[in-house]
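J.: Numbering (numbering that gives the first Met the number 0), first residue to last: 0 to 771.
Here a beta-carbon is modelled for each residue, glycine too, at the ideal position from N, C-alpha and C.
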Amino acid sequence: MGLPAPLDAPIPAPAPIDPGYRPGVFQVGPGDRTSFAASIERGLQYAIGGVILAKTLVFVLAAGAWDAPSDLQLAVAVVIVVLVAVAGARCLVGRAGRLDVTLCSVAMVLAFLLPDASTAEAGAAESPIIHLAEPLLLSVVVGGRAFFSLTVLTVNLTYIGLRALGGTDGALAGLQETSFLTGVAVAVFVLVTGLRAASERAEATLQSQRSTVSDRRRRTDLEAVAFIHDELVPTLLAGSMAPERAETRRAAERALRRLVRPRTSVPVARLEVALPELAARAGITVTVHVVGASGPLVLPDPVRAALEGAVGEALRNVARHSGQDAAHVQVVQGPWSVEVVVRDDGRGFDPGVEGVGLRTSIIERMTAVGGTALVLSRPGSGTEVRLGWTATGLARRRSLVEENDLLLRTAVGSPARAVSTVCGWLAAGYLVSALLLLVDGRSPAGSMAVAGPILLLTGALCWAQRRGPLGQRWLTAAAVGPALALAIALPAYRPSDLGTLHTWIIELSSLPIVATAWTSTARRLALALLPSSLVLVAVALLAGIAGAEVPHLLLIQPLNVVFVALIASMLRRAGRAILDARDDDSAVTDLPLRLRTLLGGEYGAISAALGDQVAGRLDAPRAARLAQAARDCLYLRGEDHAALRHELGALRADGVVVRATNREAPGPSRRLAELLAQVRAGAPREVTLTTFADRVSVVVIPAPPVERVAALTPLLDDGWSLEALDDAVVLGWSAPETETETETGTGPGPEGTPAPVVLADRPTRTDEDARR
């Protein structure tokens, strides 16, 4: 057997690490690196764009109920709709700018040319207030504090001045409307400012975490390479030369302990992240294929534990009984289900004769959590284990709520604090407006009495979220409480006041539902809004208000809730990114996992050989082959060179003396593997292989038969050459020469021709240069 190249050769530097790299048997591509700040801005524009377009739709419905409008009024209405729709659409696609604030301000001014604009009830569907909100909300998106303040001041003064043209009642209505929307706009601005600051802090934290993880990866890489070079290869070589010595056995025991040391289980957000650890514990190579959405279902802890335990047992069965050192795992993620398939190509067995491990550790374990387990096998045809779990209706809703709570806590730390801030500022805006509206004397005193219980319920909901997602009782209270408050307060209003600012209690009653919007699912929010919507429709029908006013009345609560829910979704997205980074940290910086990745398909054989070496039953040729295979893994890393490593191992297993000097990984690795396969078929005695990144040399002794040389010829392309000698064949490859320097004259030659182009040849690297 040929010995490896000198062990004092320089240790190869760790390969560059992709930002999305996960050690183990599979890699997950880099995630979305969009900053949290950009995510928040995008979500904010999406939310405000949706609000503007919804208000535009309400305006169109109200315009359809006008009584004999003039041609001028219809033309003005069309212009208003176009201006606002353009601004809303631009905001929706993330292109909002100061021009859009101007467009909406012009639409607000034009609204005073419409029927009864100067005297319409404050907040009614035909009131210009519907267009007052648009520039105020857009100013939150497109400018800073100074621009927002200037816009609020300018728009409000303009609005009040136009309202004052309708007399004292108009001026009072303008003051009420601007006070109401200014309070809401300030609340939104404070909310957005806080979210922006939080997103920037989160981004900075994540960037620091990524940098830390990257440094740990590099350190782990270097430690793994040094261990293979300094300890593993010498230990295996010692086992091939002096297996009976106690020092050799102790060295093998130390190496084995570092190679297969079980790591402490770290809770992770996704099942597939735990699979490399399970494979490492089983001591086999596993390829993993993940199918499904990028945002997988967060499994309940008992289900995740059962799946991990069953998969681990299935992989151990592959290692013990299949005769294979590799398996395939497929994870299929559905909206409400997960299926894990473990498959091997081993000797198979009769499933009718199931063992205790198969029955207890796989089948009964999955059945206990409401899952399924199916084992498909027959002698000589491999084995397939199918594990599945599907969430019930209640479990589906609960799982999403728990996931939302987990992600929000990851992003902002305390959901209760975030919810309290949002609801507190919105409540302040509503209550200030309510006090101003009391000047008219048309807001019943009962409204203020009902406001107290709503605020108490909102505070209780915020407090209850300190320890986790809200339970069913709290969610029921959030849905029923506002509906009861509206049922008590609204009948005291005059029909003409419904849908105006005087019914501010509708806005305030949305706060308990807003408090649940941070972690609730879309279905739960819809169900929570349903009781209040039914009350509003019943009150509108009993009061006999116009049908065109009903959409305006019904959209008040959903707009508030959806706006906050969209902002929360952006924060949850940030939380998912942070969790993924933590999973990276827990999964990619573990030395045994990195060693397993570097050793690839040889991991199981080397682990078993060290165990035999400790027991004193390792044969010398096998130890020498594995020592050289381990050294190959240092210089020929990754799947790109797996075929070449396999061919080198096969040559050694056939008794061929292989002298491999792999200074750098060769460029044509796969073609080199194909050539070595043809060489191996010719039964050589010696193969000397020297590889660099830009050239390769293969010397085969003795020369293969004529027919084998003929089989090599079709593979010689892309810089390959073959030289047949009397007792050997030399294969060579050189990277194509490239034009590295070009000099072009600035003027014509002596006879008016262009100056010649001079190409400087690239100097050829010598072996001594490469060593340096």
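#1: When you compare the segment 449 to 460 with the segment 471 to 488, are there three or more beta-carbon pairs, one atom per stretch, that lie closer than 8 Å?
#2: Whether or not the segment 240 to 254 and the segment 557 to 565 are in contact is what I'm after, with contact meaning three or more pairs of Cβ atoms, one per stretch, closer than 8 Å; do they touch?
#3: Just how far apart, CA to CA, sit V154 and R216?
#4: G387 by DSSP, collapsed to three states: which one?
#5: Measuring only the C-alpha atoms, how far is D725 from I700?
#6: Identify whether D343 lies in helix, strand or coil by the three-state DSSP scheme.
#7: Name the residue from R595, L52, L73 and A614 whose alpha carbon lies nearest to the alpha carbon of L277.
#8: Decide yes or no for the touch test of the segment 607 to 617 against the segment 188 to 208: beta carbon pairs closer than 8 Å, at least 3 of them.
#9: Find out if the Cβ-Cβ distance for the pair V339, V310 is shorter than 7 Å.
#10: Are the CB atoms of I129 and A106 within a distance shorter than 7 Å?
#11: For S380 and W517, I'd like the C-alpha separation in whole angstroms.
#12: Starting from the C-beta of Q175, find all residues in its chain whose C-beta is less than 6 Å away, skip the five residues before and the five after it, and write them out in chain order.
#13: Compute the distance between the beta-carbons of L274 and V328, then report whether it is under 7 Å.
#14: Is Q206 helix, strand or coil by DSSP?
#15: Could you tell me if H640 is buried or exposed, where buried requires 16 or more neighbouring beta carbons within 10 angstroms of its beta carbon?
#16: Helix, strand or coil: which one does DSSP assign to R658?
#17: Our contact map puts S432 next to F188 with C-beta atoms below 8 Å; I'd like the distance itself, whole angstroms only.
#18: Is it true that the CB of R658 sits closer than 7 Å to the CB of R624?
#19: Excluding the 5 residues preceding and the 5 following L552 in the sequence, name in chain order all residues of the same chain whose CB lies nearer than 7 Å to its CB.
#20: Could you give the DSSP three-state label for A628: helix, strand or coil?
#21: With a Cβ-Cβ cutoff of 7 Å, do A76 and A62 count as a contact?
#22: Name, in chain order, the residues that DSSP records as bridge partners for G731.
#23: Could you round the C-beta distance between V141 and G96 to whole angstroms and report it? I think they count as a contact, below 8 Å.
#24: Short check: CB of P530 to CB of P511, under 7 Å?
#25: What does the Cβ neighbour count give for V705, buried or exposed, with the cut at 16 atoms within 10 Å?
#26: Whole angstroms is fine: what's the gap from G637's alpha carbon to V92's?
#27: Return yes when the Cβ of F562 is within less than 7 Å of the Cβ of A46, no when it is not.
#28: Once you ignore the five residues that flank E673 on each side, which residues in its own chain have a CB closer than 6 Å to its CB?
#29: Roughly how many angstroms separate the alpha carbons of L314 and H228, rounded to a whole number?
#30: Which partner residues does H288 have in the DSSP bridge list?
#31: Start and end of the alpha helix (DSSP H) containing V259?
#32: Can you list, in chain order, the residues of its chain whose CB lies under 8 Å from that of W503, leaving out five sequence neighbours each side?
#33: If you follow the alpha helix (DSSP H) that S239 is in, where does it begin and where does it stop?
#34: Put A702 into one of helix, strand or coil per three-state DSSP.
#35: Measuring CB to CB, does P665 end up less than 7 Å from V695?
#36: Are V81 and C103 close, meaning C-beta to C-beta below 7 Å?
T.: Concretely, from the data shown:
#1: The segment 449 to 460, when compared against the segment 471 to 488, does touch it at the 8 Å Cβ threshold.
#2: no
#3: Taking the first residue of the sequence shown as position 1, residue 154 is located at position 155. Taking the first residue of the sequence shown as position 1, residue 216 is located at position 217. V154 and R216: Cα-Cα distance of roughly 55 Å.
#4: Locating residue 387 in the sequence shown gives position 388, where the first residue counts as 1. DSSP places G387 in the strand class (E or B) of the three-state scheme.
#5: The residue given as residue 725 occupies position 726 in the sequence shown. The residue given as residue 700 occupies position 701 in the sequence shown. The alpha-carbon atoms of D725 and I700 are separated by roughly 10 Å.
#6: As a working mapping, residue 343 is identified with position 344 in the sequence shown. Note: D343 maps to strand in three-state DSSP.
#7: Within the sequence shown, the letter at position 278 stands for residue 277. When only C-alpha atoms are compared, the closest one is R595.
#8: no
#9: Numbered from its first residue, the sequence shown carries residue 339 at position 340. Numbered from its first residue, the sequence shown carries residue 310 at position 311. Yes, these two residues count as a Cβ contact at 7 Å.
#10: As a first step, residue 106 must be located in the sequence shown, where it is residue number 107. As a first step, residue 129 must be located in the sequence shown, where it is residue number 130. The answer is no: Cβ separation not under 7 Å.
#11: Locating residue 380 in the sequence shown gives position 381, counting from the first residue. Locating residue 517 in the sequence shown gives position 518, counting from the first residue. Going from the Cα of S380 to the Cα of W517 covers about 51 Å.
#12: Numbered from its first residue, the sequence shown carries residue 175 at position 176. Contacts found: A121, L435, L436 and L500.
#13: Working through the sequence shown from its first residue, we reach residue 274 at position 275. Working through the sequence shown from its first residue, we reach residue 328 at position 329. In this structure, V328 lies closer than 7 Å to L274 by Cβ.
#14: Counting from 1 along the sequence shown, the entry for residue 206 is found at position 207. DSSP places Q206 in helix when its eight states are reduced to three.
#15: For this step, residue 640 is matched to residue 641 along the sequence shown. With 16 or more Cβ atoms within 10 Å of its Cβ, H640 is classed as buried.
#16: Along the sequence shown, read from residue 1 onward, the residue named residue 658 stands at position 659. Strand.
#17: Position 433 of the sequence shown holds residue 432. Position 189 of the sequence shown holds residue 188. At roughly 16 Å, the Cβ-Cβ gap does not stay under 8 Å, so S432 and F188 are not in contact.
#18: Locating residue 624 in the sequence shown gives position 625, counting from the first residue. Locating residue 658 in the sequence shown gives position 659, counting from the first residue. No, the Cβ-Cβ distance between R624 and R658 is not below 7 Å.
#19: Start at 1 with the first residue of the sequence shown, and residue 552 comes out as number 553. Taken in chain order, the residues that qualify are L497, G498, L535 and A539.
#20: By 1-based counting over the sequence shown, the position of residue 628 is 629. In the structure shown, A628 sits in a helix (DSSP, three-state: H, G or I).
#21: If you number the sequence shown from 1, residue 76 lands on position 77. If you number the sequence shown from 1, residue 62 lands on position 63. In contact: A76 and A62 (Cβ atoms closer than 7 Å).
#22: Here residue 731 is taken as the residue at index 732 of the sequence shown, counted from 1. G731 is bridged to S696 and S720.
#23: Taking the first residue of the sequence shown as 1, we reach residue 141 at position 142. Taking the first residue of the sequence shown as 1, we reach residue 96 at position 97. Yes, V141 and G96 are in contact; Cβ-Cβ is about 6 Å, under 8 Å.
#24: Within the sequence shown, numbered from 1, the residue matching residue 530 stands at position 531. Within the sequence shown, numbered from 1, the residue matching residue 511 stands at position 512. Not closer than 7 Å, so no.
#25: The count along the sequence shown starts at 1 and reaches residue 705 at position 706. Answer is exposed; the Cβ neighbour count stays below 16.
#26: As a working note, residue 637 is residue 638 in the sequence shown. As a working note, residue 92 is residue 93 in the sequence shown. Distance between the alpha carbons of G637 and V92: 42 Å.
#27: Locating residue 46 in the sequence shown gives position 47, counting from the first residue. Locating residue 562 in the sequence shown gives position 563, counting from the first residue. Their beta carbons are under 7 Å apart, which means A46 touches F562 by this criterion.
#28: Counting from 1 along the sequence shown, the entry for residue 673 is found at position 674. Correct list, in chain order: L714.
#29: The count along the sequence shown starts at 1 and reaches residue 314 at position 315. The count along the sequence shown starts at 1 and reaches residue 228 at position 229. Spanning the two alpha carbons is a distance of roughly 29 Å.
#30: On the sequence shown, position 289 is the one that residue 288 refers to. Beta-bridge pairing links H288 to Q329.
#31: Counted from its first residue, the sequence shown places residue 259 at position 260. Residues A245 to V259.
#32: Locating residue 503 in the sequence shown gives position 504, counting from the first residue. Closer than 8 Å at Cβ, skipping near neighbours: F179, Y429, S432, A433, L436, S442 and S446.
#33: Your numbering for residue 239 matches position 240 in the sequence shown. Counting along the chain, the alpha helix (DSSP H) containing S239 begins and ends at V232 to M240.
#34: On the sequence shown, position 703 is the one that residue 702 refers to. Note: A702 maps to coil in three-state DSSP.
#35: Numbered from its first residue, the sequence shown carries residue 665 at position 666. Numbered from its first residue, the sequence shown carries residue 695 at position 696. Yes, these two residues count as a Cβ contact at 7 Å.
#36: Here the question's residue 81 lines up with position 82 in the sequence shown. Here the question's residue 103 lines up with position 104 in the sequence shown. Contact: no.
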